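**Student:**
Residue numbers (this note's numbering): 789 to 1026.
(1) Using 10 angstroms around the beta-carbon of residue 892, count the other beta-carbons present and answer buried if the total reaches 16, otherwise exposed.
(2) In the DSSP assignment, what are the bridge partners of residue 904?
(3) Would you check if there are 3 or more beta carbon pairs closer than 8 Å linking the region 906–918 to the region 930–941?
(4) Looking at residue 958 and residue 940, is the spacing between their C-beta atoms short of 8 Å?
(5) Looking at the structure shown, is residue 1007 part of a helix, part of a strand, or coil, going by DSSP?
(6) Given this structure, state the Cα-to-Cα distance separating residue 906 from residue 997, to the nearest angstrom.
(7) Apart from the five residues just before and just after residue 927, which ones in its own chain have a Cβ nearer than 7 Å to its Cβ?
(8) What's the C-alpha gap between residue 888 and residue 923?
(9) Might you give, ordered along the chain, the residues of its own chain that have their beta carbon closer than 6 Å to the beta carbon of residue 1013, omitting 5 neighbours on each side?
(10) Nearest to residue 1006 by alpha carbon, out of 943, 983, 954 and 953?
(11) Expressed to the nearest angstrom, what Euclidean distance is found between the alpha-carbon atoms of residue 883 and residue 874?
(12) How is the alpha helix (DSSP H) around residue 962 delimited, first residue to last?
(13) How is residue 1026 classed by DSSP in three states: helix, strand or coil?
(14) On the DSSP bridge list, what partners appear for residue 863?
(15) Quick check: what's the CA-CA separation for residue 885 versus residue 949?
(16) Have a look at 987, 1022 and 983 and flag the residue whose alpha-carbon is nearest the alpha-carbon of residue 956.
(17) What residue ranges within the region 907–940 form continuous alpha helix (DSSP H) runs of no fewer than 4 residues, ordered along the chain?
(18) Going by alpha carbons, who is nearest to residue 919 out of 900, 963, 902 and 1019?
(19) If I'm right that residue 990 touches residue 969 with Cβ under 8 Å, what's the distance once you round it to whole angstroms?
(20) Distance check for residue 947 and residue 1047, CA to CA, integer angstroms please.
(21) Cβ of residue 895 within 8 Å of Cβ of residue 870?
(22) Check whether the Cβ atoms of residue 952 and residue 901 lie closer than 8 Å to each other.
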């Protein structure tokens, strides 16, 4: 029996899949059987215990990827090691300087990829919801909870003023980019932010600074993740 269990668990190792609650329960039961064998099957017990440790520990590559920042954030000296181009980063920095931006910090997997301007200064910033909402969505996209290509129609999203068939084809990705093509009334916009005519642009074809996209993203987030947006933001980012 012990070696049949070892074979079954070795399959889990090869697939490198996370342990479910039932899997953890099985592992604990497995460990108890190992302890009973310690008195008369020492070698088999040690081998089984090693295999159990391999199952319960996260894959080694996950440790290599993750860097949780401490008081002082580490900075990489090789952008290419994180999948970025030094040449293109330089072009981005030149654009940053050209448009008169104040500060930029680029963080990848817990490491500072690059930073420009006075990054130690505190700024009064407005309309940060859009970038921060993208960040919390990104976490859940990475974890497989959200599909960026899901359309409003597929998600069952509508408004008091019903969406058209075309507008319902806007995806979560379009909303996060401000390219939904949906120009319905939203609070706190005016002046140069007045909406284009409704139906003037198809989803994904035109950027327009707006609040409607990001208001509905809050609803979508809670619907798809089963969590409260503000609570999840506090837990994962703030």
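No residue lacks a Cβ here, since even glycine has one placed at the ideal position from N, Cα and C.
Since the model is a prediction, treat every value here as computed from it, not as a measurement.
**Tutor:** A quick look at the data gives this:
(1) exposed
(2) 892
(3) Judged by Cβ distances under 8 Å, the region 906–918 makes no contact with the region 930–941, as fewer than three pairs qualify.
(4) yes
(5) Helix at residue 1007.
(6) Across the structure, residue 906 and residue 997 are spaced so that their CA atoms are roughly 27 Å apart.
(7) Here the set comprises 1024.
(8) 24 Å
(9) 928 and 933
(10) 943
(11) A straight-line Cα-Cα distance of about 14 Å links residue 883 and residue 874.
(12) Segment 960–964, the alpha helix (DSSP H) holding residue 962.
(13) coil
(14) 900
(15) 43 Å
(16) 987
(17) Counting whole runs of 4 or more residues, the region 907–940 contains the alpha helix (DSSP H) stretches 917–930.
(18) 963
(19) 5 Å
(20) Residue 1047 lies beyond the residue range present for the chain, which begins at 789 and ends at 1026; the question has no answer from this structure.
(21) no
(22) no
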